[in-house]
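S.K.: In the working numbering, the protein residues as written are 5 to 158.
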């Protein structure tokens, strides 16, 4: 059986999440940017995604528990990770991935990684780093302590 990719992407029907993006300002007056190869390599793995949505199909959060309203799923988390690691994008997606994306529902079973026809390491390279960013921002006890101390200073 062949996998056929829908090149147009998901329909703009309000049911499929749109991951926010914002490019950074050019580094030079002629409108160009400076990027390093290690920055480009980081995002290239996610660009291999053919949007076959097999990862969405096997995800038990979506399949078994029916959390379609609260969890965006692995395919859209890959897209968020691609933008998050892109050297020209400066949009902060941590709150978006936590609140609207529902990344906390993912229980890291690697099912999405196993079925990916492009061998993208979805769990290790996309979901776990995004979860780490959410935890660092919202649940790090040391960071909360520093915030409390800063608020108390007159």
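Quick reminder that beta carbons are idealized off the backbone N, C-alpha and C, glycines included. Please read all numbers here as calculations on a predicted model, not as lab measurements.
1) How long is the line joining the alpha carbons of residue 125 and residue 63, rounded to whole angstroms?
2) Could you give the DSSP three-state label for residue 133: helix, strand or coil?
3) Where residue 113 and residue 38 are concerned, what is the direct C-alpha to C-alpha distance, given to the nearest angstrom?
4) Could you check whether the Cβ of residue 51 sits closer than 7 Å to any heavy atom belonging to the ligand ATP?
5) If distances are taken between C-alpha atoms only, which option among 122, 106, 143 comes closest to residue 74?
6) Just reading off the alpha helix (DSSP H) that residue 148 is part of, what are its end residues?
M.R.: Reading off the structure:
1) Within the chain shown, residue 125 is the residue found at index 121, counting from 1. Within the chain shown, residue 63 is the residue found at index 59, counting from 1. Answer to the nearest angstrom: the Cα atoms are 14 Å apart.
2) To locate residue 133, count along the chain shown from 1; it is residue 129. Annotated three-state conformation of residue 133 is helix, per DSSP.
3) Your numbering for residue 113 matches position 109 in the chain shown. Your numbering for residue 38 matches position 34 in the chain shown. Roughly 38 Å separates the two Cα atoms.
4) In the structure on display, the ligand ATP does not appear, and there are no ligands present to speak of.
5) Here residue 74 is taken as the residue at index 70 of the chain shown, counted from 1. Taking residue 74 as reference, the option from 122, 106, 143 with the minimal CA-CA separation is 106.
6) Within the chain shown, residue 148 is the residue found at index 144, counting from 1. Looking at the DSSP string, the run of the alpha helix (DSSP H) that includes residue 148 is 145 to 156.
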